[in-house]
Amino acid sequence: MRRCGRWIGTGIPDKLYTIKKGGTARRGADARQSLGGRSPVKITPLHPLFAAEATGIDISVDLTPDQIAEIREAMDTYAVLAFREQTIDDARQRRFSEYFGPLETSRKLHRKGYVPRLDTKMSDISNLDETGRPLAKDDFRLLNMYANRLWHTDSSFKRIPARYSVLAAHVLPRGGGGNTEFADMRAAYDDLDGATKARIENYVCIHSIMNSRERLGYTDFDEGERTGLSPVRQVLVRTHPGSQRKSLYLASHAGSIEGLPVPEGRMTLIDLTEHATQPKYVYSHAWRPGDVVMWDNRCTMHRGRWHDPGDIRDMRRTTVSDEIPTVSEDAPRRAG
75 MRRCGRWIGT GIPDKLYTIK KGGTARRGAD ARQSLGGRSP VKITPLHPLF
125 AAEATGIDIS VDLTPDQIAE IREAMDTYAV LAFREQTIDD ARQRRFSEYF
175 GPLETSRKLH RKGYVPRLDT KMSDISNLDE TGRPLAKDDF RLLNMYANRL
225 WHTDSSFKRI PARYSVLAAH VLPRGGGGNT EFADMRAAYD DLDGATKARI
275 ENYVCIHSIM NSRERLGYTD FDEGERTGLS PVRQVLVRTH PGSQRKSLYL
325 ASHAGSIEGL PVPEGRMTLI DLTEHATQPK YVYSHAWRPG DVVMWDNRCT
375 MHRGRWHDPG DIRDMRRTTV SDEIPTVSED APRRAG
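Start counting the sequence shown at 75; every next residue gets the next number (the working numbering).
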């Protein structure tokens, strides 16, 4: 059943994790009594297929190797993890994220007079200008707010894409709205018929942030942006190194498929995206104050939902790099 926009009562059992020495998870009553009575982390599924909330852990303090391994295990299983009731500033968010890999530097906007609000290791997922006021209706930065409402995966337009993203809620819209939706690309792949899986197995897509922006009618990229944001190649089907599950790797940044005529490639991407974003694959996260949500970009897509642009929505993201590309530089290109 559903309550408050979230799936509950799933077929995935709740888990009480405390990692004992040696890295093996202990569950249930045994976990409650482990480590000298230390409170276990409770993992509660939020959807029948993926996504869970984690309570009983403070991610603003230094984590132990066992806690880091515990979070990795939960991420391999659920792909989206919501940490509730956190008190976290930018520095602590960066420190937490760095437990899982090197942080990306946020994409620079080549606009005269642009002053970023946040550190270069933080992405500003807000509707605020540098003074903390809502963006004016003619501010070019609104493009990012609109583009975030397209289905995408973070940094697929970079040769080395993102592994994890960590998004912290600082101020939520007074009038509601602004949910974040996630799609499970593993389950979507699993449900494809055998012929489709065989057909797309070795496809390589061309990703560019210009593709997603052009969908919104924006083509006014200056020379610095065009040079720094050149198209990159990404596989269409990925195998997750932790779970060993295959998944679709899609995003609104993908504009074509190597070896296919442009119309055929785009229709293939449209068909797969429509399939992967059916309601049965989607979890909608209704944000609460103190929420920090972590997701795996290798096996999910996500998008933001509408909120009144006059209401402040201050969200801040760190992005963990995957460190290796999905396509090697010397991989052969398919002729069209």
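Glycine included, each C-beta is placed from N, C-alpha and C at the ideal position.
Ala153 is not a Cβ neighbour of Thr347, given a cutoff of 8 Å. For Ser317, the closest alpha carbon among the candidates Arg372, Cys279, Ser326 and Glu299 is that of Arg372. In the three-state reduction of the DSSP assignment, Val245 falls in the strand class. Under the three-state reduction of DSSP output, Lys116 falls in the strand class. Contact between Ser321 and Arg260 holds: CB atoms are separated by about 4 Å, below the 8 Å threshold. DSSP links Ser197 through a beta bridge to Arg391.
Looking at the backbone, the Cα of Glu178 and that of Val135 are separated by about 22 Å.
Under the DSSP definition of a beta bridge, Lys320 partners with Thr313.
Per DSSP, Ile145 is one residue of the alpha helix (DSSP H) stretching across Pro139 to Tyr152. Between His244 and Arg377, the C-beta gap is not smaller than 8 Å, which leaves the two residues out of contact. Our two residues, Thr254 and Arg408, have alpha carbons roughly 36 Å apart in a direct line. Here the alpha carbons of Ser395 and Gly175 stand approximately 7 Å from one another. Its Cα nearest to that of Thr400, the residue Arg312 stands out among Gly339, Arg312, Tyr238 and Thr227. Ser197 is a Cβ neighbour of Ser180, given a cutoff of 8 Å. DSSP, reduced to helix, strand and coil, places Gln308 within a strand of the structure shown.
A straight-line Cα-Cα distance of about 11 Å links Tyr357 and Leu155. The DSSP-derived three-state label of His281 is strand.
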